[in-house]
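Asks: Protein sequence lines correspond, in order, to chains A and B.
If you read the first sequence in the numbering used here, its first letter stands for residue 192, the second for the next number, and so on.
If you read the second sequence in the numbering used here, its first letter stands for residue 192, the second for the next number, and so on.
Glycine included, each C-beta is placed from N, C-alpha and C at the ideal position.
Have a look at this one before I ask anything.
Number of protein chains: 2
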Amino acid sequence: MTAASAYAQSNFNRFSDQLKELLCIPSISTLPAHRADVERAAAWIADDMRRIGFHTVEIIPTKWHPVVLGEWMGAGKDAPTVLVYGHYDVQPAEMADGWHTPPFEPTEKDGKIFARGAIDSKSNVMAQLKAAESLIATGTAPCNIKLLFEGDEETTSENMNTFVTAHRERLQADVVAICDGSMSDREQPDLAYGLRGVVCMELEVWGPKQDVHSGHYGGTVHNPIQALAEIITRLHNPDGSVAVPGFYDTVQPLSEEERAELKKALPWIETEWKDVAAAPQQWGESAYNLHERIGARPTLEINGIAGGFAQEGFKTVLPGRALAKISCRLVPDQTSVPIYEKLRDFIASITPPTVRSEFRLLETGEPAVIDRHGAAVQAASAALEMVWGKKPFFVREGGSIPVVVDLQRELKTDMVLLSFGYKGCAAHGPNEHVYLNIWERGIQTMIAFYHNIGAKTQA
Amino acid sequence: MTAASAYAQSNFNRFSDQLKELLCIPSISTLPAHRADVERAAAWIADDMRRIGFHTVEIIPTKWHPVVLGEWMGAGKDAPTVLVYGHYDVQPAEMADGWHTPPFEPTEKDGKIFARGAIDSKSNVMAQLKAAESLIATGTAPCNIKLLFEGDEETTSENMNTFVTAHRERLQADVVAICDGSMSDREQPDLAYGLRGVVCMELEVWGPKQDVHSGHYGGTVHNPIQALAEIITRLHNPDGSVAVPGFYDTVQPLSEEERAELKKALPWIETEWKDVAAAPQQWGESAYNLHERIGARPTLEINGIAGGFAQEGFKTVLPGRALAKISCRLVPDQTSVPIYEKLRDFIASITPPTVRSEFRLLETGEPAVIDRHGAAVQAASAALEMVWGKKPFFVREGGSIPVVVDLQRELKTDMVLLSFGYKGCAAHGPNEHVYLNIWERGIQTMIAFYHNIGAKTQA
Numbered sequence: 192m193t194a195a196s197a198y199a200q201s202n203f204n205r206f207s208d209q210l211k212e213l214l215c216i217p218s219i220s221t222l223p224a225h226r227a228d229v230e231r232a233a234a235w236i237a238d239d240m241r242r243i244g245f246h247t248v249e250i251i252p253t254k255w256h257p258v259v260l261g262e263w264m265g266a267g268k269d270a271p272t273v274l275v276y277g278h279y280d281v282q283p284a285e286m287a288d289g290w291h292t293p294p295f296e297p298t299e300k301d302g303k304i305f306a307r308g309a310i311d312s313k314s315n316v317m318a319q320l321k322a323a324e325s326l327i328a329t330g331t332a333p334c335n336i337k338l339l340f341e342g343d344e345e346t347t348s349e350n351m352n353t354f355v356t357a358h359r360e361r362l363q364a365d366v367v368a369i370c371d372g373s374m375s376d377r378e379q380p381d382l383a384y385g386l387r388g389v390v391c392m393e394l395e396v397w398g399p400k401q402d403v404h405s406g407h408y409g410g411t412v413h414n415p416i417q418a419l420a421e422i423i424t425r426l427h428n429p430d431g432s433v434a435v436p437g438f439y440d441t442v443q444p445l446s447e448e449e450r451a452e453l454k455k456a457l458p459w460i461e462t463e464w465k466d467v468a469a470a471p472q473q474w475g476e477s478a479y480n481l482h483e484r485i486g487a488r489p490t491l492e493i494n495g496i497a498g499g500f501a502q503e504g505f506k507t508v509l510p511g512r513a514l515a516k517i518s519c520r521l522v523p524d525q526t527s528v529p530i531y532e533k534l535r536d537f538i539a540s541i542t543p544p545t546v547r548s549e550f551r552l553l554e555t556g557e558p559a560v561i562d563r564h565g566a567a568v569q570a571a572s573a574a575l576e577m578v579w580g581k582k583p584f585f586v587r588e589g590g591s592i593p594v595v596v597d598l599q600r601e602l603k604t605d606m607v608l609l610s611f612g613y614k615g616c617a618a619h620g621p622n623e624h625v626y627l628n629i630w631e632r633g634i635q636t637m638i639a640f641y642h643n644i645g646a647k648t649q650a
Numbered sequence: 192m193t194a195a196s197a198y199a200q201s202n203f204n205r206f207s208d209q210l211k212e213l214l215c216i217p218s219i220s221t222l223p224a225h226r227a228d229v230e231r232a233a234a235w236i237a238d239d240m241r242r243i244g245f246h247t248v249e250i251i252p253t254k255w256h257p258v259v260l261g262e263w264m265g266a267g268k269d270a271p272t273v274l275v276y277g278h279y280d281v282q283p284a285e286m287a288d289g290w291h292t293p294p295f296e297p298t299e300k301d302g303k304i305f306a307r308g309a310i311d312s313k314s315n316v317m318a319q320l321k322a323a324e325s326l327i328a329t330g331t332a333p334c335n336i337k338l339l340f341e342g343d344e345e346t347t348s349e350n351m352n353t354f355v356t357a358h359r360e361r362l363q364a365d366v367v368a369i370c371d372g373s374m375s376d377r378e379q380p381d382l383a384y385g386l387r388g389v390v391c392m393e394l395e396v397w398g399p400k401q402d403v404h405s406g407h408y409g410g411t412v413h414n415p416i417q418a419l420a421e422i423i424t425r426l427h428n429p430d431g432s433v434a435v436p437g438f439y440d441t442v443q444p445l446s447e448e449e450r451a452e453l454k455k456a457l458p459w460i461e462t463e464w465k466d467v468a469a470a471p472q473q474w475g476e477s478a479y480n481l482h483e484r485i486g487a488r489p490t491l492e493i494n495g496i497a498g499g500f501a502q503e504g505f506k507t508v509l510p511g512r513a514l515a516k517i518s519c520r521l522v523p524d525q526t527s528v529p530i531y532e533k534l535r536d537f538i539a540s541i542t543p544p545t546v547r548s549e550f551r552l553l554e555t556g557e558p559a560v561i562d563r564h565g566a567a568v569q570a571a572s573a574a575l576e577m578v579w580g581k582k583p584f585f586v587r588e589g590g591s592i593p594v595v596v597d598l599q600r601e602l603k604t605d606m607v608l609l610s611f612g613y614k615g616c617a618a619h620g621p622n623e624h625v626y627l628n629i630w631e632r633g634i635q636t637m638i639a640f641y642h643n644i645g646a647k648t649q650a
């Protein structure tokens, strides 16, 4: 056991109290009303970096929410520098969504902490801060450390594109570790080397010039909700594939070697699906297995729909408009804007003349695949094996971390995705939580990862 | 000009101030939070009946909202008795729906009063109260008058069924006038002799056991919003007819004579459609013209839909459930429960095995057609012609007044539907309003109607 590892173990109770402090702040980036809370979370992190002893700590404003950047260069200029990326913003959460405890009052129960952001991604942020603290406090850090935490990941990191370009020099590093995302098992580590991109859009349909009485006009007006449903239905084929012409044109097929590698994790991903998604049956493209559909195939999803009166009671209204939120997950070599344009043109072509529609682009993030044979990935693999006692599976992650593409483009550095979240922890849903023992292993893995990177360079 | 007619004219400003008082009370029957407001509206009406001099005024509790019943029997036992039905409850209304002025702060502008309930149906209630006042105050009432106002019409009058049965004796009358609904023109009166029934239902679809991350599970789970859209789409045929097996089985075909009569009002209904509905194009069963589709054909309407995150911003959620509010307008001889059952069975049969669905019955009201050649209809026709200077068109009304069926069944009395509302006044929608000059004509028409009924009996 290293000194840093022992330090982390003996300080773990304090670490988890600090995690709870950060979880109390409702840093919801998509809701303008929470802007001050997002800033409060950034300030909390910057304060902790100063406590830990980072040499430079800066809260850098962006067009929307600030970035927190801390630099500790105490390992000297011959030592390698590791840049770690994470995010401190969270998704919206309301009791009405089905929470058992208030989402911003962290509640510890059965070795878990329940709170919005517990798994996505404040426990990742804190794992980074506490791993760095353990190395710095014990004087054993073998690398220089740059920690970069953004506040707009849940709104697809639109600011990071320009931020990374503008601060390219400051972000220079020998290794970049992206700390977000999640693993599919509590005992079996995995290493994601692929991330899907995402494009978020909005479809609005108008019929009558305003809400009208369904008795007076029903049967003579194309109901916007119905027209919207008809359009939505035509976006998929009966086999679960997306019906938008050209949608799959630039999708890179999987090699047989990669399909074989992905298959190793399949039974294990299927078990997790049954536990967490727990839908009556699987659905989707039958030509691809569950792991491939999650990580290596693009999708089109309806994330929200609204129209008319859908509260308790009944209102016999024929609504003037209806709205759907639609997103696509993308895989290489798809890119967001052309996909949006294909959808826009297809929707325009299938919108019946009895209604009007508008399809708007809201947010984008591009897909990425990193080299799973690179040095950073190998250092992470060894660290995971040491802490978990098992070699990690290599997986294609279904979620999106848009900044990965920006960092790949600007830094051209060896990169690894290190996720300590467990998929069964309800990221984005009600009763999101983190397992304290998995989180502790995350801190230990990061400490081991720094040691592996440092050792490799000295060797 | 009769004494009562002159009285109504000279007191009109006070009448309209009283209408505004009643419009200030948000008597929304479908929302439990407004229960006290509904009771306040009932009390206001009872007070006005007492001011006018009704002999018996009673607020009669029901399982849900109270009925107000006033009886003035001063014309003597040889004079005919007229029972008038109306309702004082209103639909929900919120500024966010697109109101330009607060819905419960009546605003007078350009000869109109804007407020929720202005047209549906508090101006009808007040027309009845003020016509009765004009006759009673001038000592010229040729009939005994019973006014019956309910507070549950907007929740399909479920209580009136048992109420009418329980109070059959008290409600006995020679003529029943139903005062609700609306006309299609501001200068051309019409007389509705048909009303559609309504059955209100709710369809819920479940997929994953709770909301999940659309990146982690998208493409492997049948999205409940999409499954709901697929089900909704299959409820109609491409020609606009309802695709539910057996839906049209008991629909009485229109006779050629009735089709010809309805055709008279068609150009005029088409103009109103273009003004008020103002959708890009007409929609619906191509084998029937606009008037027939509104009044003589059954429909299936999606009144509301909700699922996932549809607010400002974006949440990449794959929702655990989605909900649609669905209603059917019915025509003779359809009945509500069998129609619900046909829908329920069809929806169960088309729900894919990848999701679960439940289809619930919420509220019902049966369709009705009354004898358009009866004495009450003829007295109303003459009154309308006198006040408007034009013979009324006979029309089939698209809306529903569930109590008509109950009154037909229990009282077996000559009946007429007298509507002073204008369809272009946004009933159930934002910026609902009433034209003061049309409302004044409504009061004058009621006075003339009472005179016609009294004269007919004396003759």
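Grab the span of the beta strand (DSSP E) containing A/Glu588 for me, first residue to last.
Replies: Phe584 to Glu588
Asks: Let me see if you follow: with CB-CB separation under 8 Å, is A/Ala513 close to chain B or not?
Replies: yes
Asks: When burial is assigned at 16 or more other CB atoms within 10 Å of the CB, is B/Ala650 buried or exposed?
Replies: With a pLDDT of only 48 at B/Ala650, under the threshold of 50, the placement of this residue in the model should not be trusted; the figure read from the coordinates follows. Label assigned to B/Ala650: exposed.
Asks: Measuring only the C-alpha atoms, how far is A/Ser314 from A/Arg520?
Replies: 25 Å
Asks: Is it buried or exposed, B/Ser446, if we count other Cβ atoms within 10 angstroms and call 16 or more buried?
Replies: exposed
Asks: Anyone know if the C-beta pair for B/Asp524 and B/Thr411 falls short of 8 Å?
Replies: no
Asks: Going along the chain, which residues of its own chain have a beta-carbon closer than 8 Å to the beta-carbon of A/Ser405, five neighbours each way excluded?
Replies: Thr507, Val508 and Leu509
Asks: If we define contact as Cβ-Cβ less than 8 Å, is B/Ser218 a contact residue for chain A?
Replies: For B/Ser218, the nearest beta carbon of chain A is not closer than 8 Å to its own beta carbon.
Asks: On a Cα-Cα basis, can you pick out the residue from A/Arg632, A/Ile644, A/His642 and A/Lys647 that is closest to A/Phe206?
Replies: A/Arg632
Asks: Does chain B have any CB closer than 8 Å to the CB of A/Val390?
Replies: no
Asks: Counting Cβ pairs, one atom from each stretch, are 3 or more of them under 8 Å apart for the region 384-398 of chain A and the region 577-592 of chain B?
Replies: Contact check between the region 384-398 of chain A and the region 577-592 of chain B: fewer than three CB pairs, one atom from each, fall below 8 Å, which does not count as touching.
Asks: Going along the chain, which residues of its own chain have a beta-carbon closer than 8 Å to the beta-carbon of A/Pro436, five neighbours each way excluded?
Replies: Lys533 and Phe537
Asks: Using a cut-off of 8 Å between C-beta atoms, extract the partners of B/Tyr384 located in chain A.
Replies: Per Cβ cutoff of 8 Å: no residues; B/Tyr384 is ~16 Å from chain A at best.
Asks: Taking Cβ positions only, does A/Lys647 come closer than 8 Å to chain B?
Replies: Judged by the 8 Å Cβ criterion, A/Lys647 is not in contact with chain B.
Asks: Are the CB atoms of A/Val248 and A/Ala234 nearer to each other than 8 Å?
Replies: Cβ distance not < 8 Å, so A/Val248 and A/Ala234 don't count as in contact.
Asks: With respect to the beta strand (DSSP E) encompassing B/Arg547, which residues constitute its N-terminal and C-terminal limits?
Replies: Arg547 to Gly556
Asks: For the pair the region 328-335 of chain A and the region 266-277 of chain A, tell me if three or more CB-CB distances fall below 8 Å.
Replies: Taking 8 Å as the limit for Cβ pairs, the verdict is that the region 266-277 of chain A does touch the region 328-335 of chain A.
Asks: Can you tell me where the alpha helix (DSSP H) with A/Phe305 in it begins and where it stops?
Replies: Where A/Phe305 is concerned, there is no enclosing alpha helix (DSSP H), although the beta strand (DSSP E) it sits in stretches over Lys303 to Phe305.
Asks: Reducing DSSP to helix, strand and coil, say where B/Phe206 ends up.
Replies: helix
Asks: Please classify A/Ile220: is it buried, with 16 or more other beta-carbons within 10 angstroms of its beta-carbon, or exposed?
Replies: The residue you asked about is not Ile; residue 220 of chain A is Ser in the sequence shown. The residue is buried, with at least 16 neighbouring Cβ atoms inside 10 Å.
Asks: Can the beta-carbon of B/Tyr276 be found less than 8 Å from the beta-carbon of B/Met392?
Replies: no
Asks: Going by beta-carbon coordinates alone, are B/Val258 and B/Phe354 separated by less than 8 Å?
Replies: yes
Asks: Are the region 482-500 of chain B and the region 460-479 of chain A touching by the rule of at least three beta carbon pairs closer than 8 Å?
Replies: no
Asks: Taking a cut of 7 Å between CB atoms, which residues from the region 389-423 of chain B lie near chain A?
Replies: Hits within the stretch, in order: Val389, Cys391, Gly398, Pro399, Lys400, Gln401, Asp402, Val403, His404, Ser405, Gly406, His407, Tyr408, Gly409, Gly410, Thr411, Val412, His413, Asn414, Ile416, Gln417, Ala420, Glu421 and Ile423.
Asks: For A/Ile629, I'd like the list of residues in its chain whose CB is within less than 7 Å of its CB, leaving aside the five on either flank, ordered along the chain.
Replies: Arg377, Phe611 and Tyr613
Asks: How long is the line joining the alpha carbons of A/Gln658 and B/Asp381, rounded to whole angstroms?
Replies: Limits of chain A in this structure are 192 at one end and 650 at the other, which puts residue 658 of chain A out of reach.
Asks: At 4 residues or longer, and completely inside the region 566-613 of chain A: list those alpha helix (DSSP H) runs for me, N to C.
Replies: 566-579 and 594-602
Asks: Does the separation of the CB atoms of B/Asp365 and B/Thr604 fall below 8 Å?
Replies: yes
Asks: For A/Glu449, return the contacting residues in chain B, with the cut-off set at a CB-CB distance below 7 Å.
Replies: By Cβ distance, chain B contributes nothing, its closest Cβ being about 18 Å from A/Glu449, past 7 Å.
Asks: Pairing CB atoms from the region 548-561 of chain A with CB atoms from the region 423-431 of chain A, are three or more of them under 8 Å?
Replies: Touching, no, given that fewer than three Cβ pairs across the two stretches are closer than 8 Å.
Asks: What residues from chain B crowd round A/Phe500, counting only those whose CB sits closer than 8 Å?
Replies: Those are Pro283, Asn494, Gly495 and Lys516, listed as they occur along chain B.
Asks: Would you tell me roughly how many angstroms separate the C-alpha atoms of B/Ala309 and A/Asp301, rounded to the nearest one?
Replies: 57 Å
Asks: Are there 16 or more other CB atoms within 10 angstroms of the CB of B/Gly556, so buried, or fewer, so exposed?
Replies: buried
Asks: Using the rule of at least 16 other Cβ atoms within 10 Å of the residue's Cβ for burial, across every protein chain shown, is B/His291 buried or exposed?
Replies: Under this definition B/His291 is an exposed residue.
Asks: Using the beta-carbon of each residue, which ones in chain A are nearer than 8 Å to B/Glu554?
Replies: Phe505
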